[in-house]
Each structure stands twice: as C-alpha cells, then as structure tokens.
Amino acid sequence: MFSTKIITQLNNYKKTSSEILRILKEINKLWPNADLNSVQIKNRLLKLEKLMGKVESTLLFKEIEDSAGEVKEKIDKIQETILNKFGVELESILAEHHLSLKGQYPRLQASFYTMEMDTIRNKVTIWFGPKEEKLERVDLNAQKVGETLVGLSKKLGCQKKVQEFYDLLEIAYNSLKIKLGKSSEIPLIALLIEMIPLVQDQAFRKSPRKELYKNYSRADFAYDLFQYLHSMTNNRTKRPKLTVATRAQTADKAKYLWIPQDKQGNGATFSTITLNQE
0 MFSTKIITQL
10 NNYKKTSSEI
20 LRILKEINKL
30 WPNADLNSVQ
40 IKNRLLKLEK
50 LMGKVESTLL
60 FKEIEDSAGE
70 VKEKIDKIQE
80 TILNKFGVEL
90 ESILAEHHLS
100 LKGQYPRLQA
110 SFYTMEMDTI
120 RNKVTIWFGP
130 KEEKLERVDL
140 NAQKVGETLV
150 GLSKKLGCQK
160 KVQEFYDLLE
170 IAYNSLKIKL
180 GKSSEIPLIA
190 LLIEMIPLVQ
200 DQAFRKSPRK
210 ELYKNYSRAD
220 FAYDLFQYLH
230 SMTNNRTKRP
240 KLTVATRAQT
250 ADKAKYLWIP
260 QDKQGNGATF
270 STITLNQE
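What the sequence shown shows, in numbering that gives the first Met the number 0, is residues 0 to 277, in sequence order.
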C-alpha cells in the first residue's frame, strides 16, 4: 500500500505541473508581440519562478528554467528600450512647458515632482518632493505622465494670489498663537490644519456641502509657502523664519513639512514657522 504522503505529493506535483504548463502556453501566446506584452510576460515569469521553486529538479524542469532565463533576459532588454523611449519622449514633452527631466531609472525628477516607475505593473507613481506626498498614479505612458505633471502645476495650492494667501496665513498664525499660547514659533502642520477652512471657496462657506469642499493637502500648503517665499526673495527682512526639522521630527509626519526651495525641486524639511509681523 502506498502512503497518503506519496499520494499527496503526487497530487501537488500534478497541480504545480499543470500551472507551469498553463503559464508556458500563455507566454508563448504573448511572445509574438513581446514589445507590447512585456509587462504581462514579466508577470508570468515571476509566477513561473515561484512555481519552479516547489518542484524537484529534473532534466525537463531544468530545461524550463533555462528557457525562462533566456525569456527574462530578452524581456529585460525590451523593457529597457521601452523605458529609454519613455524618457526621451517625456523629456521632449516637458521641455515644451519649460520643465527639465533628470535622474536615473526607475526614479526620475521634474521640478517639484518625483516619478517612480513600476515596469511590473506598467505604472508611474508621481510624488511631490522626494517621495514626500503621493499625488497621482498613472500608466507608464510619456504623454499621460507629461499631461499629469503639467496639470498638477496648475492645480496645486489654494489657487489664490500670493498676498491673499499671506493674509489667510496671518489669520491662521495669529489664531494659533492664542490657542497654543505661543509668542512666535508655530508648528507647520498645526498651521496647515488651521488653514483648511480659510482656503475654502465662497460657495462652501455659503453652503458647506461635501461636493463643494476643497481639499488642501500637505503638498498644497508646501507649494503655497514656496510661492510666497519665492515672491519675498528681494525682501528678506520680511521673510518668515522657518526652523529646520530635527532627525527625530522627520520620523513623524505630524511634526514636519517638506518645502521646495527652488523650481528645480531642491527642498528641505521644516518644523515651525515664525512670521515677521513688524
């Protein structure tokens, strides 16, 4: 009599073999258009690699492993070509809007934005700053990414004139000085929270409904602060004072805010702000 262990192992072997066979057939079906199907093929190769780890080595499975290695090498080259083409096309699109592209794959940077490419899922995640605030996740397509970046630059912030933003900032700042019992330094994130109701449009103030509410994120606030600070370049005596965040503070997002320092995307993390109200 054969043990149940042997029967169970054979059943598992049969199931794994069937899965391997299915994946091989799918890869063969996708292969004639490998340039277009590189992401799907790569995903199946990853599944195949996991399955191959479950079976004992035989000549047949060794041959499958070798073939899979060759396919992976070709797919990696195809995806490298796709990424290079993506970079060239994106650079051209951004140049039309006076934005420059820099960095190395899989992470590129343009102005305030960091792009992280995921060739497995064929997606690009766009962050504000060095992966500070996640803004968008779009297809790995140069036209789509370019349009998204240009669009973000138009909709970031509270969409108010610099002086109007500062007037609201001063209202929030003075309110927090009273609430927190502080004479000058105010935590930036506390100030952001205080700003949220102030930046709402008149329509929301008249009828505070969900569909009229305007989101005001960390990225929006950081962008508005940058715009204001940039406008004060030639008036340093009136510029607000920002306190650089400590290493401990940067471990807690409630205690710091990344703010750009120039349009090339350089920036730093700050914890508090002091307005010059003299």
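In this text, a Cβ means the ideal position worked out from N, Cα and C, and glycines have one as well. Bear in mind the structure is a predicted one, so any value in this text is a computation, not a measurement.
Residues Leu155, Gly156 and Cys157 of the same chain have their beta carbon placed closer than 7 Å to that of aspartate 219, with the five preceding and five following residues left out of the count. In its chain, beyond the 5 residues on either side, Met51 have a beta carbon closer than 8 Å to the beta carbon of glutamate 64. Looking at the DSSP output, tryptophan 30 shares a beta bridge with no other residue. Membership of leucine 134 in the beta strand (DSSP E) is indicated by the continuous run 132-138.
Closest in alpha carbon position to isoleucine 77, among Ala109, Thr118 and Gln103, is Thr118. In the displayed model, glutamate 95 falls within coil according to three-state DSSP, outside both helix and strand.
Put simply, the region 127-140 does not touch the region 169-183. Fewer than three CB pairs are less than 8 Å apart. In the assembly as shown, tryptophan 257 is a buried residue. Its beta-carbon has 16 or more other beta-carbons within 10 Å. Note on arginine 217: 16 or more other CB atoms within 10 angstroms of its CB, so buried under the neighbour-count rule. Straight-line spacing of the CA atoms in alanine 33 and glutamine 39 works out to 9 Å. In the DSSP assignment, the residues bridged to methionine 116 are Val123. Going by DSSP, threonine 249 is part of no alpha helix (DSSP H) at all; its letter is neither H nor E.
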